[in-house]
Structure formats: C-alpha cells, structure tokens
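Numbering (the numbering used here), first residue to last: 4 to 223.
The structure is reproduced here in structure tokens:
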C-alpha cells in the first residue's frame, strides 16, 4: 500500500493527460494498480475547475492508456506462448503482483466461453479486466478487433469512474482530500461493477441486433 500512496502523491502533483495514459497503461498490464486511484481523482479535480482537466479528455486518454497496456500483455502472450506464460505466473515475482495460475485460468476460461467479445465485457469485470488480454494474445485474436473491443470496454469502465469522481465533487463538498475521495469511491465499488457490466451487456445486445438486422437485410 505504501507504494500506491507514493504513486498517487506523485500523480496528484503531476496530473496531466500524459500521466493518466502512463498510469492506465500500467493498470492494464500485470501490475495491480487500481484504476480507481487514477480516474476519479482526475475527474474530481475537473469538477472543481482544474484548468488542465476535462472529463471527456480524461475518459479518452485513460482508454488510450488502457489499450496500450493491454497491447503489452497481448504481444507478450503471442511471442512467449502458453507454456512460458503459465510457467511465469508460478514464480515469486508473479505472486508479488497478485497473479497466479488460478486467476489466469479463470481469465482464459472466460475468453473461451465468450469469444472475442470477452475482451470487451472482460474490461468491465473486476479481477479479469487486466488479465483478459493475455488469453486474447494466446489465442492470437485479430489485432484490430482486440484494439477496438479493448478500447470500447475501457472507455465504458473509465466513463463510470470519471462520472463517479465528478459527482462526488459536486454532491459531497466535505470530501477534501484524495484519501477521502478514494474511501468514497470504494464505498460505491459494487455499484460501479453492476453499472459497468449492465452497460456492457446492453452494448453487446445492440451489436448482436445490429448484425442480425444487417444479415436479414442482405437475405431479402
């Protein structure tokens, strides 16, 4: 926890769109840096009139950062292969990052069950979101689809977090520090998960219906 405190202190002193990209790229790799420590504080600052922060750009650049970080996992998985990846997750270093074989198997099972769209929905599921890019790489998923689904899923997750940080600033003026903000975000953690997953499912249903409508039109 001490290292997270150090990172957030540095982030609050150097907050800009580049640092958002960097930290969200880290969050989307195998390093367990919670996005709740990055996006809500930026949106919280934007709501209080920070001239260098805009909530739309926060969502955009954080989604770019997530996609870049996911591409690191994806690329490593393709070139290292399943055998090496699974041997690495059994090392002491992996355990320091809270990664183990069971978590990776869970992410891989999720990918098998849901196919390519799991890189979209998986970005909205805590515990899977930062690992779902590994089975996508192992399966050699189409790169364009991987980037698109990862970006869209990340954008939805980040939008919910940004709105939460924004409205905490507006509705809870007694929140004065990042520590208090983080505590308030954690308080709504379950609601965040439910909202993002619901939005993700709605979007998937929309894509399925759109594809079906297009197919029916071609068959006429």
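Note that beta-carbon positions come from the ideal geometry of N, C-alpha and C, so glycine has one too. As the structure is a computational prediction, the values presented were derived from the model and not from experiment.
Report task. Evaluate residue 78 with the Cβ neighbour count: other Cβ atoms within 10 Å of its Cβ, from every protein chain shown; 16 or more gives buried, anything less gives exposed. Result -> Working through the chain shown from its first residue, we reach residue 78 at position 75. Exposed.
Could you check where the alpha helix (DSSP H) with residue 126 kicks off and where it finishes? Within the chain shown, numbered from 1, the residue matching residue 126 stands at position 123. Per DSSP, residue 126 belongs to no alpha helix (DSSP H) and is neither H nor E.
Three-state secondary structure assigned by DSSP to residue 135 = Counted from its first residue, the chain shown places residue 135 at position 132. Coil, per DSSP.
**Request:** Can you have a look at residue 30 and say buried or exposed, based on whether 16 or more other CB atoms are within 10 angstroms of its CB?
**Result:** On the chain shown, residue 30 is found 27 positions in, with the first residue counted as 1. Residue 30 should be labelled buried.
message = Runs of 4 residues minimum, wholly inside the stretch 9–36: which ones carry the alpha helix (DSSP H) assignment?
response = 20–30
| task | Starting from residue 92, follow the alpha helix (DSSP H) in both directions and report where the run begins and ends. | result | Within the chain shown, residue 92 is the residue found at index 89, counting from 1. Taken as a continuous stretch (DSSP letters only), residue 92 belongs to no alpha helix (DSSP H), as it is neither H nor E.
### Query
What residue range is occupied by the uninterrupted alpha helix (DSSP H) comprising residue 113?
Locating residue 113 in the chain shown gives position 110, counting from the first residue. Counting along the chain, the alpha helix (DSSP H) containing residue 113 begins and ends at 104–117.
Legend entry - Supposed close pair residue 24, residue 68 - CB separation, criterion 8 Å: In the chain shown, residue 24 corresponds to position 21, counting from 1. In the chain shown, residue 68 corresponds to position 65, counting from 1. Residue 24 to residue 68, Cβ: 4 Å. Contact.
query: Span of the alpha helix (DSSP H) holding residue 158?
result: Against the chain shown, residue 158 aligns to sequence position 155. Counting along the chain, the alpha helix (DSSP H) containing residue 158 begins and ends at 146–174.
Q) Going by beta carbon distance, what residues of the same chain come within less than 8 Å of residue 159, once the five residues before and after it are set aside? A) Reading the chain shown from its first residue, position 156 is the one you call residue 159. Hits under 8 Å: 126, 127, 199, 202, 203 and 206.
From the DSSP output, in three-state form, read off residue 77 for me. As a first step, residue 77 must be located in the chain shown, where it is residue number 74. The answer is helix: DSSP assigns residue 77 an H, G or I state.
**Asked** What distance in whole Å lies between the Cβ atoms of residue 39 and residue 185, which are believed to be in contact at a cut-off of 8 Å?
**Response** For the purposes of this step, residue 185 is taken as residue 182 along the chain shown, with counting starting at 1. For the purposes of this step, residue 39 is taken as residue 36 along the chain shown, with counting starting at 1. That belief holds up - the Cβ atoms of residue 185 and residue 39 are roughly 7 Å apart, short of 8 Å.
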